[in-house]
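Worksheet: one structure, shown below.
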Amino acid sequence: MSRFFSAKFDKLVPYTPGEQPRDMKYVKLNTNESPFPPSKTAIENALSAAKKTELYSDPECRALREKLAEYYGVDYEETIVTNGSDEVLNFAFMAFCDKDHPAVFPDITYGFYPVFADLNGVPYEEIPLKDDFTIDVNDYIGISKTIFIANPNAPTGISLPVGEIRKIIESNPDNVVLIDEAYVDFGGESCIPLVREYDNLLVTQTFSKSRSMAGARLGFGIGSKKLIADLHTIRYSTNPYNVNSMTLAQGVGMLEDDEYVQNNCKTVIENRAYTASELSKLGFTMPDSSANFIFAKHNRVSGKDIYLKLKEKGVLVRHFDKPRLTDYNRITIGSLEQMNILIAKLNEILEETK
Numbered sequence: 036m037s038r039f040f041s042a043k044f045d046k047l048v049p050y051t052p053g054e055q056p057r058d059m060k061y062v063k064l065n066t067n068e069s070p071f072p073p074s075k076t077a078i079e080n081a082l083s084a085a086k087k088t089e090l091y092s093d094p095e096c097r098a099l100r101e102k103l104a105e106y107y108g109v110d111y112e113e114t115i116v117t118n119g120s121d122e123v124l125n126f127a128f129m130a131f132c133d134k135d136h137p138a139v140f141p142d143i144t145y146g147f148y149p150v151f152a153d154l155n156g157v158p159y160e161e162i163p164l165k166d167d168f169t170i171d172v173n174d175y176i177g178i179s180k181t182i183f184i185a186n187p188n189a190p191t192g193i194s195l196p197v198g199e200i201r202k203i204i205e206s207n208p209d210n211v212v213l214i215d216e217a218y219v220d221f222g223g224e225s226c227i228p229l230v231r232e233y234d235n236l237l238v239t240q241t242f243s244k245s246r247s248m249a250g251a252r253l254g255f256g257i258g259s260k261k262l263i264a265d266l267h268t269i270r271y272s273t274n275p276y277n278v279n280s281m282t283l284a285q286g287v288g289m290l291e292d293d294e295y296v297q298n299n300c301k302t303v304i305e306n307r308a309y310t311a312s313e314l315s316k317l318g319f320t321m322p323d324s325s326a327n328f329i330f331a332k333h334n335r336v337s338g339k340d341i342y343l344k345l346k347e348k349g350v351l352v353r354h355f356d357k358p359r360l361t362d363y364n365r366i367t368i369g370s371l372e373q374m375n376i377l378i379a380k381l382n383e384i385l386e387e388t389k
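Here the sequence shown is numbered in this note's numbering, starting from 36 and rising by one per residue.
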């Protein structure tokens, strides 16, 4: 770092995104992207909006927020649209956390939570998952802290039932509970219907996964009108034009083409079941996933070796070096063709390592 870099960030460890190598053509199963392109309507909308980019995007994001409100059965004022769901998460750390309202989240979860906490000078606690990688709800009952829970969780793919989340929300009435539903469309149960019951619940989702817009960067939050107003205060104090015109238009198109989205999600779920079955035959074990990925380990070959050997053979998966995770690899569910290539390459690796 330079000698000008503020000392307040000298211990900041940035988030590490999934690798995007360019040295060869890979079967890319490492960043949980959709194997499907955006819908026809979404692409047409984005192309049309591209002709008007001499103008600023709508700071209210009105057309998309109205469509989101209609789709999820909430009020317009209960929605916020952001540059990826990462932005609404960062806004939440800024708005609802401080020394009197520290953050808390599992020790194994989305890697951006501790980064956002450190970036914003927020004290935080990481609560260990149980040995089976599930959350112990009792750890979060009445803890009087701002709670962040990814549901389904990443990188495990395990879902927490909404009834259990309800217990957490009810027992912390004076603190915000944020449920990060980036992967909910692949088999999880959304907490959005609860936002009318609890004024301390904030739900975030993304268009990156089920709606094929990872490269367009679009996320949103839904919560009580007052919570959302707090987030808009932060948004208007940082970047009121935070979502570009083409992304906004494409987002409307993806909501309008919901049948296309649902069919894609169904295909991913089918491919996930097929892949899990085939991996089990090869000696892999994995928790049941409600996401568009599988978190798998082999009974003989280390996770690091599998990751490296797959990369040599042109298949990218995500490996984590944390002690409890090092035996595992997170494998994105892609097209059936991609999954069959993965399985074939794993067969080769297992033969080579006998």
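Note that CB positions come from ideal geometry on N, CA and C, so glycine has one too.
Judged by beta-carbon spacing, GLY119 lies within the 8 Å limit of GLY254, meaning their Cβ atoms are closer than that value.
Per DSSP, PHE183 is one residue of the beta strand (DSSP E) stretching across 181–185. The alpha-carbon of ASP265 is positioned some 43 Å away from that of LEU371. Less than 8 Å separates the beta-carbon of TYR276 from that of PRO94. Where GLY318 is concerned, there is no enclosing alpha helix (DSSP H), because DSSP gives it neither an H nor an E. SER280 places its beta carbon less than 8 Å from that of LYS87. VAL123 places its beta carbon less than 8 Å from that of GLY256.
Taking all protein chains in view, the Cβ of PHE183 is crowded by 16 or more other Cβ atoms within 10 Å, so the residue is classified as buried. Going by DSSP, PHE39 is part of no beta strand (DSSP E) at all; its letter is neither H nor E. Contact between GLU113 and ILE204 does not hold, since the beta-carbon distance rounds to 16 Å and is not under 8 Å. Here the stretch 125–144 does not lie against the stretch 94–109, with fewer than 3 beta-carbon pairs under 8 Å apart. Taking each of GLY349, ASP110, THR144, ALA189 in turn and checking the Cα distance to MET374, the smallest one comes out for GLY349. In this structure, the beta-carbon distance from ASP133 to VAL157 falls below 8 Å. Contact annotation: the stretch 229–249 touches the stretch 195–204, with at least three C-beta pairs closer than 8 Å. The beta-carbon separation of ILE329 and THR302, rounded to 15 Å, does not stay under the 8 Å limit for a contact. In this structure, the alpha-carbon of HIS354 lies about 12 Å from that of PRO52.
The residues TYR50, ASP121, LEU124, in chain order, have a CB closer than 7 Å to that of PHE147 in the same chain once the five nearest residues on each side in sequence are set aside. Between ALA84 and ALA284, the C-beta spacing is below 8 Å. A check of alpha carbon separations from ASP323 across THR361, LEU90, ALA189 identifies ALA189 as the nearest. Counting only residues of its own chain and dropping the five nearest sequence neighbours on each side, LEU377 has a CB closer than 6 Å to the CB of VAL350.
Within the DSSP secondary-structure output, ALA331 pairs in a beta bridge with ASN364. Under the three-state reduction of DSSP, GLU95 is assigned to coil, being neither helix nor strand. Burial of PRO73 is indicated by the presence of at least 16 other C-beta atoms within 10 angstroms of its C-beta. In the DSSP assignment, ASP340 falls within the unbroken alpha helix (DSSP H) covering 338–347. With contacts defined by Cβ atoms closer than 8 Å, SER69 and SER247 form a contacting pair. Assigned with DSSP and collapsed to three states, ASP265 falls in helix.
If the five residues before and after ASN364 are omitted, its C-beta is found closer than 7 Å to the C-beta atoms of ALA331, GLY338, ILE341, TYR342, VAL352, ARG353, HIS354, all from its own chain and listed in chain order.
In the three-state reduction of the DSSP assignment, ASP110 falls in the coil class, being assigned neither a helical nor a strand state. DSSP places ARG353 within a strand segment (E or B) once states are collapsed to three.
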